[in-house]
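Residue numbers (the working numbering): 38 to 271.
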């Protein structure tokens, strides 16, 4: 509805018709953020990798295609961009982004040398942050990235710490006497149910809008060996 308002239409015209170079504007914006003490990144912050999808119609918009739009939670026609955002307990702001181009734009599809997956784009965004000397403690991302070995290897190659989500069904190769799944880690910690959580501790998260969410946390004794193998110490 608001997109049809005169102010929104004027902004759209400005963005689509202006002759400025997007990368130059981005570089200037980041330079101002990095130079200002109140917004300069510090080693306690994190680099958040995620993706954003915008529903679009027609065929004239660049990078458009029928694809999964994560913020809508379904397949639809639109444009998807992989994004990086810097955040600490005080502030957060976007750092960079890169549109994802669907495979059907390329002559050889996914086999085309120019085709890049969202995961490869994500590693490139982290590389840009490292090259720009953005201070950060770790890269954080959801299970789409956490389940991919190539993405994790890319972070290791960049010598960047990370905290990545994993699906509840996630398992790993391991010696018979060691823990190989989250279920085994929970059992080792004494978890039986939400009422009998063993060494699992309920943590209440408070968000910026004041809402709260309870989530379990383990003392990590059970899974510490595997965690050290699969991540770079923070």
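Glycine included, each C-beta is placed from N, C-alpha and C at the ideal position.
For clarity, every value in this text was computed on a predicted model and none was experimentally measured.
Name the two residues that bound the continuous beta strand (DSSP E) containing residue i.
i           : result
residue 90  : 83-92
residue 106 : 102-106
residue 175 : 175-178
For residue i, which three-state DSSP category applies?
i           : result
residue 160 : helix
residue 196 : coil
residue 144 : coil
residue 50  : helix
residue 109 : coil
residue 135 : strand
residue 261 : Note that residue 261 scores a pLDDT of 40, beneath 50, so its modelled location is shaky and nothing firm can be said.
residue 43  : helix
residue 77  : coil
residue 166 : helix
For residue i, which beta-bridge partners are listed by DSSP?
i           : result
residue 242 : 250
residue 117 : 90 and 137
Please state whether the Cβ-Cβ distance between residue i and residue j is less than 8 Å.
i           : j           : result
residue 178 : residue 82  : no
residue 77  : residue 69  : no
residue 217 : residue 209 : yes
residue 108 : residue 95  : no
residue 152 : residue 169 : no
Check the C-beta distance from residue i over to residue j and give it rounded, since I have them as a contact under 8 Å.
i           : j           : result
residue 14  : residue 225 : The structure shown has nothing for residue 14, since the chain only spans 38 to 271.
residue 84  : residue 121 : 6 Å
residue 163 : residue 117 : At roughly 18 Å, the Cβ-Cβ gap does not stay under 8 Å, so residue 163 and residue 117 are not in contact.
Looking at the unbroken alpha helix (DSSP H) that takes in residue i, where does it start and where does it end?
i           : result
residue 219 : 219-225
residue 68  : 59-72
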